[in-house]
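Notes for the one structure printed next.
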Amino acid sequence: MNHPQTTSPLTELSEDENLFLSTVRQFAAEQIAPLTRRMDEEQHMDPGLIRNLFSLGLMGIGIPEQFGGSGGSFFDSVLAVEAVSTVDPAVGVLIDVQNTLVVAALMRWATAEQQQNYLPRLAGNTVGAYALSEAGSGSDAFALVTHAEQRGDTYVLNGRKLWITNANEAGIFIVFATVDPSAGYKGVTAFMVEKGTPGFTVGRKEDKLGIRASSTCELIFDECVIPATQILGPPRHGYKIAMETLNEGRIGIGAQMLGLAEGAWAHAAKYAKERKQFGKPIADFQAMQFQLAEMATDIEAAKLMVYNAARLRDAGREFRKEAAMCKYFASHTAERVASLAVEVFGGSGFVRDNPVEKLYRDAKIGKIYEGTSFMQLATIAKLTLG
Ligand SMILES: Cc1cc2nc3c(=O)[nH]c(=O)nc-3n(C[C@H](O)[C@H](O)[C@H](O)COP(=O)(O)OP(=O)(O)OC[C@H]3O[C@@H](n4cnc5c(N)ncnc54)[C@H](O)[C@@H]3O)c2cc1C
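Everything in the sequence shown is counted per the working numbering, starting at -19 for the first residue and increasing by one.
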């Protein structure tokens, strides 16, 4: 009898993936963990840490080596976001936006000249940001009103973006604007905008519940002149570019939430074995064991979903449903696990110097950005029910 060729288990990593993962884990433990609490309190990403993220190649994972990047896969980006987010999901989203949104969009849509210009900078020292949302357009993203008016071989941008991750640190922004408000989503066009361009300013920074070290700001465009050569992809293709990149980006947010849940679980399990009540470690009580076992099961399920979606993407297969499902499920898992982790610590889980207190606050964002949980369900319903 002919046996079909056996395929590797989803969570089995290649030698290169294992090596990469252990390097990122060590970096997260040694270089990120000591900064996490201060960065959260000061709402500020340490510039030295950002430099080290570049040095380690974590800001250009999918950028080919010829442009100074690490030449890694999308799955490598997912592993990095997961590993970093076990320690600090605010740093997780910094590298997530860079790799799964900004670099991914440029790899697919930029011209050879644009790739030559932007990719070495994104791999070497320049943070990227992805600006789609506005005050009036969130879930209904293509109701955006930022306007790009063509004048000769330039476009003049006017309008405001809201909620833009990495805005304070970024040097390169992908900005979605409409060249034809009457055309609806068919007018949306993506532009590459550089920090310092006259008429472009980064505005108010949000004071957030969680991922506080990650900057989230308004962008203001006031008669901002952008050469037509800085359009990403064809004009009026912004809708396609945004949809494609956000489909992939969702897997990155799934990885961020998976890492967060793993981090919270590890803190809770360690404490449960140390903390004694009624004369024995609280981990000896079956009620405690079952809670930790349930959390571990949810984390395993989230991991399989995130890894499967990422591997489907790398294999060039259809992955939209799996991406929406993994983001939905991993966000739900992160919120539940972080909440239970706070309870495992009792009173000491409720104070600022406990990492699970921060992870609990950080977990909430998973259900909101890159499409709320309701919007993921809408996608899943459409793709499953037809
Ligand atoms: C910290 C943070 C970082 C962010 N980073 C970025 C970024 O880098 N770039 C960027 O472009 N954007 C970013 N965003 C914006 C984010 O993607 C939006 O906040 C998100 O898409 C939700 O949009 P909204 O806030 O306008 O909420 P709304 O769309 O107004 O939704 C409000 C509520 O209504 C629900 N709802 C809306 N429509 C429906 C419907 N049809 N059926 C059922 N329920 C519905 C939603 O699920 C939600 O519960 C960020 C946001 C935050 C908070």
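From the three backbone atoms N, C-alpha and C, an ideal C-beta is built for every residue, glycine too. Since this is a predicted model, take the numbers as computed values, not measurements.
Residue burial classification, residue i (beta-carbon count within 10 angstroms, cutoff 16)
i	result
Leu240	buried
Pro335	buried
Asn146	buried
Ser(-6)	exposed
Phe258	exposed
Ser(-12)	exposed
Val331	exposed
Ser53	buried
Val372	Residue 372 falls outside the range modelled here, since the chain spans only -19 to 366, and no answer is possible.
Gly28	exposed
Glu149	buried
Thr277	exposed
Gly366	exposed
Ala367	The structure shown does not extend to residue 367, since the chain is modelled only from -19 through 366, so no value can be given for it.
Start and end residues, alpha helix (DSSP H) containing residue i
i	result
Ile30	Pro27 to Ser35
Ile233	Gly218 to Glu254
Val317	Arg300 to Val324
Val279	Residue 279 is actually Ile in this sequence, not Val. Segment Gln266 to Asp294, the alpha helix (DSSP H) holding Ile279.
Pro335	Pro335 to Ala343
Asp(-4)	Glu(-5) to Phe7
Thr(-9)	Run containing Thr(-9): none; DSSP gives neither H nor E here.
Val64	Phe54 to Val67
Where residue i sits in the DSSP three-state scheme
i	result
Phe180	strand
Tyr165	helix
Glu367	What the structure shows of the chain is the stretch from -19 to 366, and residue 367 is not part of that stretch, so it cannot be assessed.
Tyr135	strand
Ala358	helix
Thr16	helix
Ala157	strand
Phe47	helix
Leu199	strand
Ile41	coil
Gly329	helix
Gly366	coil
Ile211	strand
Gln262	Note that residue 262 is Ile in the sequence shown, not Gln. Ile262: helix per DSSP, three-state reduction.
Ala193	coil
Glu21	helix
Glu186	coil
Ala128	strand
Gly151	strand
Could you give the uninterrupted runs of the beta strand (DSSP E) lying entirely in the region 74 to 116, keeping only those of 3 residues or more?
List check, beta strand (DSSP E) in window: 107 to 111.
Stretch pair the region 225 to 243 + the region 292 to 311: three plus CB contacts closer than 8 Å
With a cut-off of 8 Å, the region 292 to 311 and the region 225 to 243 count as touching, because enough Cβ pairs lie within range.
Between the region 152 to 165 and the region 208 to 223, do three or more beta carbon pairs fall short of 8 Å?
They touch, by the three-pair rule.
Inter-stretch contact (C-beta, 8 Å, three-pair minimum) for the region 29 to 36 and the region -2 to 12:
Segment contact: the region 29 to 36 against the region -2 to 12, three or more CB-CB distances shorter than 8 Å; contact assigned.
Assess contact between the region 106 to 124 and the region 266 to 275, defined as three or more Cβ pairs (one per stretch) separated by less than 8 Å. Is contact present?
By the Cβ test, the region 106 to 124 is not in contact with the region 266 to 275, since fewer than three Cβ pairs between them sit closer than 8 Å.
Any contact between the region 240 to 250 and the region 205 to 216? By contact I mean 3 or more CB pairs, one from each, below 8 Å.
Look at the beta carbons and you see the region 240 to 250 not touching the region 205 to 216: under three pairs across the two are nearer than 8 Å.
Do the region 123 to 130 and the region 99 to 109 meet, that is, are 3 or more Cβ pairs less than 8 Å apart?
Taking a cut-off of 8 Å on C-beta distances, the region 123 to 130 does not touch the region 99 to 109, as fewer than three cross pairs fall below it.
For the structure I just gave you, are there three or more beta carbon pairs, one from the region 174 to 183 and one from the region 312 to 327, closer than 8 Å?
No: the two stretches stay apart, fewer than three of their Cβ pairs being nearer than 8 Å.
Between the region 46 to 66 and the region 293 to 304, do three or more beta carbon pairs fall short of 8 Å?
Using a C-beta cut-off of 8 Å, the region 46 to 66 makes contact with the region 293 to 304, since at least three inter-stretch Cβ pairs fall below that distance.
Using a Cβ distance threshold of 8 Å, determine whether the region 62 to 72 contacts the region 89 to 100, with at least three qualifying pairs required.
No, the region 62 to 72 does not touch the region 89 to 100.
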